[in-house]
Ligand SMILES: [Zn+2]
Ligand SMILES: [Zn+2]
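Have a look at this one:
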């Protein structure tokens with residue numbers, strides 16, 4: 002649970018930081034992505050026009066499989082622009098757990114790449130093109146490959 006003591010906030014601005022276990026995210030692992038790491042957050046809360054302003058960052062690391070070369074890798078995911086405003090807060094304590102979870106979830110990518118320039122696997126022989134070049138790749142560039150496909154259709 003991530004809570005802000007609003008009464009305390011009336012006297013001074015607050016820094017709220019901590020970690021939550023991966024269960025905090027409430028998402029299931031898949032074959033392509035697993036959540037094993039803690040979620041850590043660093044937030045700053047202040048009173049603005051009688052409302053509570055919360056800003057800061059939240060991050061975790063995901064274990065995923067590259068969509069091009071199927072290598073497993075770990076990737077840090079961070080949302081450094083968390084910003085929430087709560088109008089007319091009347092409770093002595095403000096629970097921001099759900100919102101911080103949401104701020105984390107929206108930062109998790111839909112596609113995973115070990116590297117933006119990952120060359121992937123050769124669609125014909127399956128060689129990892131990041132490690133070595135195969136012969137099919139050298140000879141058949143773009144148009145040749147399509148010509149080959151066309152002749153297959155006939
Ligand atoms: Zn890759
Ligand atoms: Zn190949």
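Numbering (our numbering), first residue to last: 2 to 155.
Glycine residues also receive a C-beta, built at the ideal position from the N, C-alpha and C atoms.
The structure displayed is predicted, hence computed values, not measured ones.
Item: For residue 102, report the span of its alpha helix (DSSP H) as first-last.; Value: 98–106
Item: Considering only heavy atoms of ligand 1, list every residue whose Cβ is less than 7 Å from one of them, following chain order.; Value: 67, 69, 70, 72, 114, 115, 116, 119, 121, 131
Item: My output table needs one value for residue 135: the three-state DSSP class, helix, strand or coil.; Value: coil
Item: Which first and last residues belong to the beta strand (DSSP E) in which residue 43 is found?; Value: 40–49
Item: Return helix, strand or coil for residue 95, following the three-state DSSP convention.; Value: strand
Item: Specify, as a first and last residue, the run of the beta strand (DSSP E) that residue 54 falls within.; Value: 52–66
Item: Just to check, is the beta-carbon of residue 123 closer than 6 Å to a non-hydrogen atom of ligand 2?; Value: yes
Item: Out of 48, 89, 110, 83, which has the shortest C-alpha to C-alpha gap to residue 98?; Value: 83
Item: Beta-carbon within less than 6 Å of residue 81's beta-carbon, same chain only, minus the 5 sequence neighbours each way: which residues are those?; Value: 58
Item: For residue 7, report the span of its alpha helix (DSSP H) as first-last.; Value: 7–10
Item: With three or more beta-carbon pairs closer than 8 Å as the criterion, would you say the segment 106–122 touches the segment 52–71?; Value: yes
Item: Could you give the DSSP three-state label for residue 15: helix, strand or coil?; Value: strand
Item: If residue 46 and residue 10 are in contact, beta carbons under 8 Å, what's the gap, nearest whole angstrom?; Value: 6 Å
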